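**Student:** Residue numbers (the UniProt record's numbering), protein chains in the order written: chain A, 1 to 147; chain B, 1 to 147; chain C, 1 to 147; chain D, 1 to 147; chain E, 1 to 147; chain F, 1 to 147; chain G, 1 to 147; chain H, 1 to 147; chain I, 1 to 147; chain J, 1 to 147. Glycine included, every Cβ here is placed at the ideal spot set by N, Cα and C. All values reported here derive from a predicted model rather than from experimental measurement.
Number of protein chains: 10
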Amino acid sequence: MTTKKEAADAAVAAKVRLGLSWADIAEAIDAPLAWTTAALLGQHPMSKERAGKAAEVLELPTDVEAALQLQPTRGALDSPVPTDPTIYRFYEVLQVYGPTIKELIHEQFGDGIMSAINFRMDVRRVPDPAGDRVVVTLDGKFLPYQW
Amino acid sequence: MTTKKEAADAAVAAKVRLGLSWADIAEAIDAPLAWTTAALLGQHPMSKERAGKAAEVLELPTDVEAALQLQPTRGALDSPVPTDPTIYRFYEVLQVYGPTIKELIHEQFGDGIMSAINFRMDVRRVPDPAGDRVVVTLDGKFLPYQW
Amino acid sequence: MTTKKEAADAAVAAKVRLGLSWADIAEAIDAPLAWTTAALLGQHPMSKERAGKAAEVLELPTDVEAALQLQPTRGALDSPVPTDPTIYRFYEVLQVYGPTIKELIHEQFGDGIMSAINFRMDVRRVPDPAGDRVVVTLDGKFLPYQW
Amino acid sequence: MTTKKEAADAAVAAKVRLGLSWADIAEAIDAPLAWTTAALLGQHPMSKERAGKAAEVLELPTDVEAALQLQPTRGALDSPVPTDPTIYRFYEVLQVYGPTIKELIHEQFGDGIMSAINFRMDVRRVPDPAGDRVVVTLDGKFLPYQW
Amino acid sequence: MTTKKEAADAAVAAKVRLGLSWADIAEAIDAPLAWTTAALLGQHPMSKERAGKAAEVLELPTDVEAALQLQPTRGALDSPVPTDPTIYRFYEVLQVYGPTIKELIHEQFGDGIMSAINFRMDVRRVPDPAGDRVVVTLDGKFLPYQW
Amino acid sequence: MTTKKEAADAAVAAKVRLGLSWADIAEAIDAPLAWTTAALLGQHPMSKERAGKAAEVLELPTDVEAALQLQPTRGALDSPVPTDPTIYRFYEVLQVYGPTIKELIHEQFGDGIMSAINFRMDVRRVPDPAGDRVVVTLDGKFLPYQW
Amino acid sequence: MTTKKEAADAAVAAKVRLGLSWADIAEAIDAPLAWTTAALLGQHPMSKERAGKAAEVLELPTDVEAALQLQPTRGALDSPVPTDPTIYRFYEVLQVYGPTIKELIHEQFGDGIMSAINFRMDVRRVPDPAGDRVVVTLDGKFLPYQW
Amino acid sequence: MTTKKEAADAAVAAKVRLGLSWADIAEAIDAPLAWTTAALLGQHPMSKERAGKAAEVLELPTDVEAALQLQPTRGALDSPVPTDPTIYRFYEVLQVYGPTIKELIHEQFGDGIMSAINFRMDVRRVPDPAGDRVVVTLDGKFLPYQW
Amino acid sequence: MTTKKEAADAAVAAKVRLGLSWADIAEAIDAPLAWTTAALLGQHPMSKERAGKAAEVLELPTDVEAALQLQPTRGALDSPVPTDPTIYRFYEVLQVYGPTIKELIHEQFGDGIMSAINFRMDVRRVPDPAGDRVVVTLDGKFLPYQW
Amino acid sequence: MTTKKEAADAAVAAKVRLGLSWADIAEAIDAPLAWTTAALLGQHPMSKERAGKAAEVLELPTDVEAALQLQPTRGALDSPVPTDPTIYRFYEVLQVYGPTIKELIHEQFGDGIMSAINFRMDVRRVPDPAGDRVVVTLDGKFLPYQW
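What follows is the structure in structure tokens.
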């Protein structure tokens with residue numbers, strides 16, 4: 001059986017070979033950009049329909065198409081502290097601002113968390129004369145501690 | 001010498017005792033909300049002027065006021081993987097979506113990172129009939145790999 | 001300022017000194033047994049009213065009563081893998097049955113998780129001729145992955 | 001020799017291919033649902049008879065059937081702290097409520113543990129107007145410390 | 001409140017000061033030698049009666065006597081892999097012979113474990129012309145995996 | 001060259017296939033039971049003669065017979081803290097009773113260790129009306145610290 | 001798809017086989033020495049043109065040439081603390097002088113960091129009668145903390 | 001006895017209180033800037049004379065002056081991977097360029113290392129129209145592997 | 001009760017204050033140099049007589065003299081991998097030459113170990129025109145694996 | 001390209017097959033015994049000449065001969081704390097005597113280290129009526145801290 005990891009490798013290889021962008025693929029399967037990327041990287045199961053469309057646009061074989069529909073065991077980092085600088089900066093944000101985020105959530109909502117399940121995110125390029133900016137929006141439902 | 005950690009503890013205790021919100025303090029020292037919170041939690045040095053205003057509104061002694069101006073050694077998590085659920089969910093976002101964020105930054109900007117230094121963030125409550133949402137915006141300058 | 005940890009130590013010491021059970025205290029503050037225990041061990045903030053009742057029944061001073069109302073930074077284990085045998089057995093359950101639980105949640109609900117926030121639990125003694133049994137019920141709202 | 005891990009992979013692949021549920025398989029081999037799932041995931045040895053039935057319903061070759069009967073070396077997590085969110089929530093329960101469970105076991109039974117060996121568990125879907133609930137019951141014999 | 005750790009330190013200090021052996025104390029409180037040692041080192045709770053006798057023979061104050069009766073959170077090693085050579089050799093036995101012990105338990109008993117709860121041990125000196133031997137006997141009830 | 005690990009896998013596979021017990025093999029090669037098991041699991045080198053007999057009774061090919069005679073690099077656990085419950089209980093014994101064993105060795109012998117090199121062990125089933133017991137005897141020469 | 005790691009292995013093997021130096025290759029592809037080395041070791045993506053020249057001088061096949069252009073997931077150490085002595089000395093510099101570097105950056109620039117992205121470095125041999133010296137220059141843009 | 005750590009804390013506190021720079025102190029004790037900083041941070045022993053001068057300019061008491069002369073046990077990071085961003089960037093340089101540095105040392109010198117003992121470093125601000133640069137020079141004697 | 005650690009700190013402080021060398025102290029207590037140093041650093045128990053002489057020459061109070069006689073829990077490194085460069089070099093020797101030492105012990109003695117218990121060591125300065133040398137001799141009894 | 005690791009495996013296999021000792025090989029390639037062993041285990045690069053002689057005496061193919069000449073990335077332990085008892089004893093020596101060695105080096109030489117680069121070692125068997133001894137001599141150039 002083709003694993004989610006092998007399917008992700010196959011999808012990325014096809015994307016590079018065909019010169020497609022994640023945005024192209026997201027449009028082809030009619031799904032949000034970040035969700036599409038995460039799903040093809042093996043972190044979400046795809047519906048039969050979307051897997052079919054993705055297989056079509058990426059010219060993937062049937063076993064990969066099947067693997068895209070499997071339930072993943074999530075977790076994409078090679079080590080508890082990521083080493084890639086592009087990913088590490090977000091870990092650094094947690095190290096420096098984690099308790100700040102916690103304080104502000106509690107101040108605005110009371111005791112609880114931002115859901116990472118009922119959750120969406122996006123990554124945008126915002127033009128700025130002093131240098132364009134990466135704006136990442138994390139948007140999750142507030143879940144109050146509730147016995 | 002009072003340390004940044006002791007100053008942070010004193011600031012939080014005073015905030016609770018006086019019934020102030022982080023928003024109240026941010027307004028009093030005329031600084032962004034998340035920055036103010038992070039600075040009082042010991043992750044940023046304050047200017048002499050802001051430390052003075054913060055000491056005034058929080059009724060802090062002079063040694064704490066001095067400590068607020070010290071250069072911090074940053075890093076606010078007790079362990080590499082945070083245990084508090086409110087903070088952990090952001091680590092989980094990194095575990096599930098870290099490579100997705102990396103892919104999208106590279107697609108939109110090329111090789112490089114989102115700066116965590118030339119950076120601002122905010123935490124907002126967004127009303128939603130299906131349950132209000134925590135929206136965290138991470139906004140950093142793009143830095144291209146450049147030799 | 002008295003910390004949550006110091007307040008928890010004070011509460012446990014008072015409980016032992018006064019010969020009270022957790023059930024006694026739960027009844028006195030009119031809250032579920034496991035919630036009450038967790039709150040007094042420093043893992044939940046108490047309302048002003050419940051903290052007052054708890055302080056009364058446990059004869060705790062005002063600073064401890066105040067600390068019981070503080071927002072905790074959660075996480076109660078001394079090390080990632082717990083060493084105490086009574087607690088370790090639950091970690092062992094995760095090691096042996098974690099993927100089983102995951103499979104059954106996905107089979108019965110689809111892709112998602114059991115919330116540990118909208119969550120209640122209890123520990124009961126169930127008589128059994130072959131030796132009484134510890135029955136721990138973990139009961140959390142299902143949260144579907146939802147973009 | 002086919003390993004338990006390879007047999008588990010083969011069983012899961014066959015289950016997906018044949019469109020069977022864990023419940024279907026449990027019924028076919030006449031064993032409890034959670035036990036069946038754990039055994040096919042490689043955490044329990046199967047009797048010759050049950051392995052035979054499982055091989056039949058899952059159309060598994062003889063070497064896999066043999067592997068299902070082997071004594072496992074247990075432990076199913078890839079890292080001490082699990083990264084998959086569905087499994088992590090149970091680790092979080094341990095982090096937040098571990099000492100609470102310990103206190104309540106000692107209050108109701110005295111010094112001892114819940115056995116994870118003389119043990120059964122189940123996962124159920126409980127309808128709830130505010131959202132259906134995952135109810136996991138851990139049920140183990142109490143074992144008193146006894147010299 | 002005096003902790004188990006402080007009580008253990010006090011007991012060891014008194015033992016050294018009074019020139020008592022663990023065997024003397026075990027006899028005085030009428031309990032097995034290894035159990036007595038473990039209990040005074042803080043790994044078992046003592047009954048009121050035994051704590052009283054131990055306090056008498058070791059001339060311990062009342063708060064220590066009370067602490068000896070508390071329920072411990074067990075775990076006596078400073079690090080996952082012990083560094084003290086006398087203790088390390090037993091970890092080495094596990095590293096070299098752990099799977100051997102597992103195989104032999106399964107061969108003689110079937111699938112299950114040696115209980116570390118319904119358990120007793122002793123350490124004896126066995127004369128040997130080629131050098132006396134340390135003989136440690138670990139003796140625990142067999143617990144079969146039983147659903 | 002066949003490694004010790006591959007030889008161990010081959011030996012275990014042959015043992016299962018031929019329906020032999022470790023006791024059968026130990027008798028066939030005329031060596032103590034636990035030593036034989038450990039050696040075939042790759043933790044001891046075998047003499048040419050014993051490797052020959054083992055290869056005969058287990059019908060192993062020449063390269064495996066050669067590998068059984070190689071000097072091992074010892075260490076049989078996959079992680080510093082073992083996850084398999086049957087093995088973990090012995091780690092738990094160390095966590096709970098390690099310092100107790102150390103105290104008793106020092107009391108009976110003075111400063112020194114139990115050798116894990118000049119060492120033998122056995123695992124026995126001892127009938128007991130309250131449930132048969134696993135009795136593991138660790139028997140090593142005392143080695144005094146000696147400059 | 002050939003991975004960056006496989007491409008790096010192929011490049012190093014070709015370099016050894018052809019007797020080329022990193023300096024030769026850097027000259028051939030007209031890029032800085034350290035950058036060229038890092039890129040061929042898989043830590044930077046190469047432009048189509050440079051990958052072409054590198055493939056030519058190193059006689060690499062097309063799939064390797066393609067892999068050299070891929071975006072890397074950076075991080076070149078096998079373990080958090082490197083074991084190779086030549087690399088370890090730089091980790092030791094961090095252990096001994098890390099806070100010194102931090103103090104001096106803050107003294108000369110204020111609060112901020114040396115960029116590791118807008119960054120160049122070189123390694124030079126500086127003749128010295130008392131033994132030639134390795135001089136490594138790390139040269140990165142200063143980035144002030146800026147909200 | 002005052003420890004190196006306490007002496008370092010005292011020195012930093014005095015430096016802040018007196019408004020001195022590391023450069024001022026280095027000049028006062030007539031030693032290189034980075035060496036002076038490292039020594040006062042507790043990573044080098046000072047000669048009696050320099051400790052005397054440092055104590056004078058920083059108005060430190062005699063016990064601190066004595067501690068500055070003690071031999072340190074070196075190692076200045078709180079965790080194997082540093083969390084402070086200013087220090088982390090140098091760890092990141094190691095992660096991305098460590099093997100590059102190794103290759104270039106071997107190419108220019110043969111098998112060996114840059115000494116971190118016979119070693120000097122400095123941190124300079126280099127003006128640049130595109131933003132001033134932090135230039136850190138690591139300068140150590142080459143030590144060839146030599147039996 | 002004064003601990004071994006506190007006694008070691010007191011001994012080192014006295015040694016510095018009195019201007020004594022380890023060699024002076026070793027001579028005064030008539031014991032080998034390295035043993036004396038290790039014992040005073042808390043890694044060996046001293047006889048009553050030697051502790052008395054050490055207390056005399058170092059002018060230590062009675063509680064420290066008593067602590068020097070206590071049985072230590074050995075292990076002197078702050079972290080599994082030491083950070084101090086003088087100590088690290090010996091860890092590096094293990095990393096580079098560990099398997100070499102193992103091979104040579106097995107070649108010269110057969111299967112077994114060098115005892116670290118029946119063991120002595122010394123550190124000597126050996127003059128050399130190319131720079132004096134540190135010569136550390138580790139000298140332990142060979143212990144053959146012997147069942 | 002054959003790696004150093006594969007070359008080491010091939011060399012060890014050939015040594016066993018041909019019944020050669022490390023001493024035989026060292027003599028054949030005219031190099032010190034411990035150096036030869038380390039080099040063949042992949043921790044040192046060999047000169048073209050020595051690799052040629054080693055390939056001859058061990059009957060190794062050309063690719064292995066080439067690999068023996070490659071520059072290694074050093075580090076021979078599978079885990080930070082070695083598990084093999086023969087190697088572990090040397091780690092234990094570090095744990096018990098590391099600070100002792102440091103103290104004695106500083107006493108005899110001042111501040112500095114024993115080089116592990118300008119370094120030689122040997123392992124000898126020293127006859128002793130009470131049991132022959134393993135004597136390991138570590139002999140490295142003293143390197144003073146020198147700015």
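When you compare only the Cα positions, how much space is there between A:Val93 and B:Ser115?
**Tutor:** On the first sequence, position 93 is the one that residue 93 of chain A refers to. On the second sequence, position 115 is the one that residue 115 of chain B refers to. About 10 angstroms.
**Student:** Would you please verify whether the beta carbon of I:Arg120 is less than 8 angstroms from any beta carbon of chain E?
**Tutor:** Indexing the ninth sequence from 1 puts residue 120 of chain I at position 120. Output row for I:Arg120: interface = no.
**Student:** Could you list the residues in the region 20 to 53 of chain E with a C-beta less than 7 angstroms from some C-beta on chain C, going in chain order?
**Tutor:** none
**Student:** Does E:Ala136 pass the burial test, meaning 16 or more other C-beta atoms within 10 Å, or should it be called exposed?
**Tutor:** Residue numbering aside, residue 136 of chain E sits at position 136 when the fifth sequence is read from its first letter. Per the sequence presented here, residue 136 of chain E reads as Val, with Ala not at that position. So E:Val136 counts as buried.
**Student:** Take the Cβ of J:Val96 as the centre, count every other Cβ of all protein chains shown within 10 Å, and call the residue buried at 16 or more, exposed below.
**Tutor:** For the purposes of this step, residue 96 of chain J is identified with residue 96 of the tenth sequence, where counting begins at 1. Buried.
**Student:** Any chance the CB of H:Leu33 is under 7 angstroms from a heavy atom of the ligand MN?
**Tutor:** This structure simply doesn't include the ligand MN, nor any ligand for that matter.
**Student:** Is C:Leu58 near C:Leu18, with beta carbons less than 8 angstroms apart?
**Tutor:** Mapped onto the third sequence, residue 58 of chain C falls at position 58. Mapped onto the third sequence, residue 18 of chain C falls at position 18. Cβ distance < 8 angstroms, so C:Leu58 and C:Leu18 count as in contact.
**Student:** Pick helix, strand or coil for I:Arg50, following the three-state DSSP scheme.
**Tutor:** Here residue 50 of chain I is taken as the residue at index 50 of the ninth sequence, counted from 1. I:Arg50 falls in the helix class under three-state DSSP.
**Student:** Quick check on A:Ala8 - is its C-beta less than 8 angstroms from some C-beta in chain G?
**Tutor:** Residue 8 of chain A sits at position 8 when you count from the first residue of the first sequence. Not an interface residue.
**Student:** Can you give me the Cβ contacts of J:Glu107 inside the same chain, cut-off strictly under 8 angstroms, excluding the 5 residues immediately before and after it?
**Tutor:** By one-based count along the tenth sequence, residue 107 of chain J stands at place 107. Contacts found: none.
**Student:** Could you tell me whether the Cβ of E:Gln95 comes closer than 8 angstroms to any Cβ of chain M?
**Tutor:** Reference to chain M is not applicable here, since the protein chains of this structure are A, B, C, D, E, F, G, H, I and J.
**Student:** Which same chain residues, not among the five before or five after H:Pro72, have their C-beta less than 8 angstroms away from its C-beta?
**Tutor:** On the eighth sequence, position 72 is the one that residue 72 of chain H refers to. Close CB contacts of H:Pro72 within its chain, under the 8 angstroms cut and outside five residues either way in sequence, are with Lys4, Gly42, Gln43, His44 and Pro45 (chain order).
**Student:** Check the DSSP bridge columns for G:Thr137 and list the partner residues they point to.
**Tutor:** Within the seventh sequence, the letter at position 137 stands for residue 137 of chain G. Under the DSSP definition of a beta bridge, G:Thr137 partners with G:Asp122 and H:Thr137.
**Student:** Among all the DSSP beta bridges, which residues are the ones paired with residue 168 of chain A?
**Tutor:** As shown, chain A starts at 1 and ends at 147. That puts residue 168 of chain A outside it, with no answer to give.
**Student:** For B:Gly75 versus A:Phe90, is the C-beta distance shorter than 8 angstroms?
**Tutor:** Reading the second sequence from its first residue, position 75 is the one you call residue 75 of chain B. Reading the first sequence from its first residue, position 90 is the one you call residue 90 of chain A. Going by C-beta atoms, B:Gly75 is not nearer than 8 angstroms to A:Phe90.
**Student:** Take E:Phe109 as the anchor and find which of F:Phe109, F:Arg124 and F:Glu103 has the nearest alpha-carbon.
**Tutor:** Sequence index remark: in the fifth sequence, residue 109 of chain E carries index 109 (1-based). Among F:Phe109, F:Arg124 and F:Glu103, the Cα nearest to that of E:Phe109 belongs to F:Arg124.
**Student:** Mapping the DSSP letters down to three states, classify J:Arg74 as helix, strand or coil.
**Tutor:** To locate residue 74 of chain J, count along the tenth sequence from 1; it is residue 74. In the structure shown, J:Arg74 adopts coil according to DSSP, grouped into three states.
**Student:** What does a CB cutoff of less than 8 angstroms around I:Ala34 pick up in its chain, not counting 5 residues either side in sequence?
**Tutor:** The residue you call residue 34 of chain I lines up with position 34 of the ninth sequence. Result list for I:Ala34: Arg120, Met121, Asp122 and Val123, in chain order.
**Student:** Between the beta-carbon of H:Leu68 and the beta-carbon of H:Ala7, is there less than 8 angstroms?
**Tutor:** Within the eighth sequence, numbered from 1, the residue matching residue 68 of chain H stands at position 68. Within the eighth sequence, numbered from 1, the residue matching residue 7 of chain H stands at position 7. Taking the C-beta atoms as reference points, H:Ala7 is found nearer than 8 angstroms to H:Leu68.
**Student:** With the cut-off set at 8 angstroms, would you say D:Thr83 and C:Lys102 are in Cβ contact?
**Tutor:** By 1-based counting over the fourth sequence, the position of residue 83 of chain D is 83. By 1-based counting over the third sequence, the position of residue 102 of chain C is 102. No, these two residues do not count as a Cβ contact at 8 angstroms.
**Student:** Tell me the residue span of the alpha helix (DSSP H) that contains H:Asp9.
**Tutor:** Taking the first residue of the eighth sequence as 1, we reach residue 9 of chain H at position 9. Looking at the DSSP string, the run of the alpha helix (DSSP H) that includes H:Asp9 is Lys4 to Leu18.
**Student:** Whose C-beta lies closer than 7 angstroms to the C-beta of H:Thr36 among residues of the same chain, with five residues either side of it excluded?
**Tutor:** As a working mapping, residue 36 of chain H is identified with position 36 in the eighth sequence. The residues are Trp22, Ile25, Ala26 and Ile29.
**Student:** At a CB-CB cut-off below 7 angstroms, which residues of chain E make contact with F:Thr137?
**Tutor:** Working through the sixth sequence from its first residue, we reach residue 137 of chain F at position 137. Neighbours of F:Thr137 on chain E, chain order: Val135 and Thr137.
**Student:** Our contact map puts D:Met1 next to F:Ala13 with C-beta atoms below 8 angstroms; I'd like the distance itself, whole angstroms only.
**Tutor:** For the purposes of this step, residue 1 of chain D is identified with residue 1 of the fourth sequence, where counting begins at 1. For the purposes of this step, residue 13 of chain F is identified with residue 13 of the sixth sequence, where counting begins at 1. At roughly 4 angstroms, the Cβ-Cβ gap stays under 8 angstroms, so D:Met1 and F:Ala13 are in contact.
**Student:** For H:Thr62 and J:Val126, I'd like the C-alpha separation in whole angstroms.
**Tutor:** Within the eighth sequence, the letter at position 62 stands for residue 62 of chain H. Within the tenth sequence, the letter at position 126 stands for residue 126 of chain J. Cα-Cα distance, rounded: 51 angstroms.
**Student:** D:Asp139: which of C:Asn118, C:Leu40, C:Asp132 and C:Leu70 sits nearest, CA to CA?
**Tutor:** Residue numbering aside, residue 139 of chain D sits at position 139 when the fourth sequence is read from its first letter. Measuring from the Cα of D:Asp139, the nearest candidate turns out to be C:Asp132.
**Student:** Could you name the residues of the same chain whose beta carbon sits closer than 6 angstroms to that of C:Leu143, not counting the 5 residues immediately before and after it, in chain order?
**Tutor:** The count along the third sequence starts at 1 and reaches residue 143 of chain C at position 143. Once the five neighbours on either side are set aside, the close Cβ partners of C:Leu143 are Gly112, Ile113 and Ser115.
**Student:** Less than 8 angstroms between the C-beta atoms of J:Pro80 and I:Pro80, yes or no?
**Tutor:** For this step, residue 80 of chain J is matched to residue 80 along the tenth sequence. For this step, residue 80 of chain I is matched to residue 80 along the ninth sequence. Taking 8 angstroms as the Cβ cut-off, J:Pro80 and I:Pro80 qualify as a contacting pair.
**Student:** Figure out for me which residue from C:Ala51, C:Asp9, C:Tyr145 and C:Ala39 has the closest Cα to the Cα of C:Ile105.
**Tutor:** By one-based count along the third sequence, residue 105 of chain C stands at place 105. Checking every option, the nearest Cα to that of C:Ile105 belongs to C:Tyr145.
**Student:** What number of angstroms, rounded off, separates the C-alpha of G:Ala38 from the C-alpha of B:Asn118?
**Tutor:** Counting from one through the seventh sequence, the residue named residue 38 of chain G turns up at place 38. Counting from one through the second sequence, the residue named residue 118 of chain B turns up at place 118. For G:Ala38 and B:Asn118, the distance between alpha carbons rounds to 26 angstroms.
**Student:** Can you give the beta carbon distance from G:Ala31 to G:Arg50, rounded, assuming they're within the 8 angstroms contact cut?
**Tutor:** As a working mapping, residue 31 of chain G is identified with position 31 in the seventh sequence. As a working mapping, residue 50 of chain G is identified with position 50 in the seventh sequence. About 6 angstroms; that satisfies the 8 angstroms criterion.
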